[in-house]
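Going from the sequence shown to the working numbering is simple: count from 1 and add 39.
Yeah, the Cβ is synthetic: ideal placement off N, Cα and C, and Gly gets one too.
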Amino acid sequence: MARHAWRGGLLAAAVLPVMLASTGATQAQDVAAPADPSEQARRAGRSLFLEGRNRHGEAVQASVGSGVALQGEAVACARCHGPEGAGNREGGLTAPALDWNSLSQARSASPGLLPRSRYDDVALLRALRQGVDADGRPLSSAMPRFTLGPRDEADLLTYLRGLGRLTDLDPGLSPQRITIGGVLPLSGPLAAAGRAADAAIRSCFAQANRDGGIFGRQIDWQPLDAQAVAPTEIARVLREQTFAAVAPWWADLGSQALAERLAGLPLIGPLGAATELEQPQPTLFAVAPQLSHQVRNLVDAVALGELADQPSVKRPEQARLAVIASPARHHRAALLSSQRQAQNHPNLSLSVWQPKLGQSDAAQLADAQRWLASLPPQDAVLVLAAPAWLRTITQSGLAGGPNGAAVRGLTATARTPFVLGAFAEQGQAVMDWPAALRLALRLSHTVPEDAPPDPGPLRQALAGVGADLTHPAVQSLAHAAACLTVEGLRRAGREPSRARLRQALEEVRDFRTGVIGPLNYARQNHVGSMGSAVVRISADGQRLETVREWRTPLSQ
């Protein structure tokens with residue numbers, strides 16, 4: 040049996056929601072002066088063109104066809120005309136070039152395009168609002184009809200006049216440098232973990248710079264302190280002065296709130312609450328397996344009889360799994376994932392508890408315990424809830440509780456079923472539980488095939504920036520996010536853009552950072568790893584021991 044030589048670090052601190060009260064103070068070394076008005080207009084216009092969002096981060100409104108309402112990235116100019124505005128032909132439709140040189144000159148007939156007169160400001164704005172060309176003829180029904188305010192129209196015109204020129208670079212990009220931003224708790228109660236993540240990110244970027252940078256550009260790492268810099272200033276600096284954000288760990292922001300606050304910015308490997316994707320985010324790329332994927336592996340382990348110290352040689356004829364899910368969004372998503380995964384196993388019987396509307400947290404927990412006591416003996420209970428729920432369910436409902444004598448279990452007590460959860464969510468505190476409670480636990484753990492990961496390469500990388508391996512799990516995720524960023528920048532080529540970086544990341548396959556599992560992405564999949572192991576806590580509570588090796592869930 041493979042064993043973990045370390046106690047898992049403070050991964051819980053990295054993946055659980057963290058309440059950080061920001062102040063109005065700023066760090067002078069991190070925050071540059073605001074751009075001049077013309078530059079602000081160009082950047083705002085670029086956001087409109089590429090992301091469909093204005094200078095305030097608000098989604099642009101438009102309609103297509105017979106009045107179908109769309110907004111944001113769905114109607115961004117770059118979606119059809121390309122990120123450089125060079126035009127595109129797809130599905131029998133031709134989207135013409137939008138650079139000002141092309142727009143301001145009359146056009147002769149060409150394949151898929153009629154001849155037209157030159158556009159001026161008035162004609163172009165009329166085309167955006169009403170969908171008619173410079174000669175008043177209707178444009179294709181696929182061309183959105185926009186609802187833009189005067190400021191948005193002015194910003195877009197400013198940007199189009201410079202589109203395609205050498206000066207048309209995304210924020211954070213210059214001929215010599217790429218500025219990568221981040222936000223971490225560098226002071227306050229989580230400062231130690233935040234600084235450890237900062238060192239792990241710097242270690243990867245430092246190595247890339249020693250290797251010559253990205254096509255001659257050096258990477259500048261610019262982290263902001265989530266505890267000391269005002270939220271509005273963090274958002275402004277990251278959007279306006281950095282090319283992408285790596286391992287952002289910003290207070291209690293979930294993935295959706297993070298993506299909205301940093302609209303248009305590629306977000307690579309977020310920590311904190313944003314680790315768990317609430318819904319697909321086009322700008323966000325996760326490196327940690329989601330709870331829903333870990334749950335699928337736990338369901339497989341129950342159905343295959345792979346939770347015991349001596350796992351079944353063959354699939355049990357019958358297995359029973361009870362699932363208790365809190366009302367939190369990601370717990371509901373994980374519950375749905377468990378139900379779908381159970382369909383792969385005809386031998387598995389699944390019982391589900393969900394809270395009643397209007398109940399307090401204490402009432403919900405009490406109701407869950409009563410429900411569990413009413414069930415026939417179970418092989419395992421999957422608890423998708425806060426750590427306090429897991430301990431209460433384990434202690435009073437299972438380990439010697441009123442239903443204990445009736446429970447068919449596989450542990451040494453022969454009475455207690457396995458209690459399942461995610462180590463990333465339950466946290467380091469489970470290591471300090473009483474031995475009788477730890478005995479029942481089986482936890483998913485997001486480690487690579489060789490569990491535990493060899494700390495040597497990460498330790499060596501950290502030494503290169505004068506840092507130590509102090510928070511293995513936090514630093515592994517942060518280092519992996521930085522290395523994925525470097526890989527994406529290299530794939531984006533000599534003339535990178537935020538859009539090209541996102542496209543490059545979507546093409547990453549089987550990328551190995553050496554600190555977490557292999558990462559794979561696609562256009563419709565921004566979660567790099569779906570694998571996890573199943574571990575237990577050692578008898579002395581000092582380490583994690585692998586029960587089921589790291590693997591990906593069985594296909595649904």
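Bridge partners of residue i, per DSSP?
i	result
HIS484	ALA572
GLN333	According to DSSP, which records beta bridges pairwise, GLN333 is partnered with nothing at all.
ALA134	ASN127
ASP264	LEU223
VAL420	ALA361, VAL458
SER147	Bridge partners of SER147: none, in fact.
PHE185	ALA101
ARG590	SER571
VAL285	ILE307
CYS179	For the record, residue 179 in the displayed sequence is Ser; it is not Cys. Answer by DSSP bridge pairing: none, since SER179 is not bridged.
GLN110	GLN100
GLU90	In DSSP, GLU90 forms no bridge with anything.
SER390	ALA361
ILE217	LEU212, ILE258
VAL161	Per DSSP, none; premise fails for VAL161.
LEU152	SER149
With distances taken between CB atoms, is the gap from residue i to residue j smaller than 8 Å?
i	j	result
SER413	SER376	no
ALA286	ALA517	yes
VAL341	ALA358	yes
LEU87	ASP209	no
SER594	PRO328	no
VAL222	ALA265	yes
LEU343	THR322	no
ASN386	PRO350	no
LEU621	GLY151	In the structure displayed, the chain extends from 40 to 595; residue 621 sits before or after that span and is not available.
ARG409	GLU279	no
LEU225	PRO270	no
PHE324	LEU142	no
VAL338	ALA381	yes
ASN127	CYS119	yes
VAL469	SER515	no
GLN398	ALA361	no
ALA479	THR433	yes
ARG533	PHE254	yes
ALA235	VAL586	no
ALA239	LEU501	yes
GLN378	LEU396	no
Please work out which residues of its chain come closer than 6 Å, Cβ to Cβ, to residue i, disregarding the five sequence neighbours upstream and downstream, and give them in chain order.
i	result
ASP579	none
GLN320	SER294, ALA298
ASN442	Bear in mind that the predicted position of ASN442 carries a pLDDT of just 39, short of 50, making it too unreliable to give a figure here.
THR552	ALA519, CYS522
LEU482	GLY460, PHE462, VAL574
GLU317	GLY293, SER294, GLN295, ARG368
GLN393	ALA364
THR197	ALA80, ARG81, GLY84
LEU429	VAL422, GLY460, GLN465
THR133	GLY151, LEU152
ALA424	SER365
GLY227	GLN266
ALA407	ILE363, TRP392
Quick one: does residue i have its CB under 8 Å from some CB of chain B?
i	result
SER331	In the displayed structure, chain B is absent; only one protein chain is listed.
Since residue i contacts residue j with CB under 8 Å, what's their CB separation in whole angstroms?
i	j	result
GLY84	ASP194	4 Å
PRO592	ASN336	5 Å
VAL422	VAL458	6 Å
VAL420	PRO456	6 Å
LEU304	ALA283	6 Å
ALA162	ALA173	5 Å
ARG157	GLN144	6 Å
PRO511	GLY466	With a Cβ gap of about 14 Å, PRO511 and GLY466 do not count as contacting.
GLY503	SER242	6 Å
TRP139	LEU202	6 Å
GLY233	THR281	Wrong, their Cβ atoms sit about 18 Å apart, outside the cutoff.
ALA302	GLY96	4 Å
PHE185	LEU167	5 Å
Keeping to the same chain, check which residues put their C-beta closer than 8 Å to that of residue i; ignore five residues upstream and five downstream.
i	result
GLN110	GLY91, ALA98, VAL99, GLN100, ALA101
PRO122	LEU89, SER536, ALA538, ARG539
VAL547	LEU523, GLU526, GLY527, ARG530, LEU558, ASN559, TYR560, GLY567
ASP69	With a pLDDT of 37 at ASP69, under the threshold of 50, the modelled position of this residue cannot be trusted, and the question is left open.
Leaving out the 5 sequence neighbours to the left and right, which residues in its chain are closer than 7 Å to residue i when beta-carbon positions are compared?
i	result
ILE258	ILE217, ILE219, PHE244, ALA247, ASN248, GLY252
For this session: Return the chain-ordered ranges of every alpha helix (DSSP H) run that is complete within the segment 502-572 and spans a minimum of 4 residues.
Result: 511-531, 537-545
Problem set entry | Every unbroken alpha helix (DSSP H) inside the segment 308-385 [4 residues or more] | 330-342, 368-381
Problem set entry | Whole beta strand (DSSP E) elements within the segment 232-278, 3-residue minimum | 257-264
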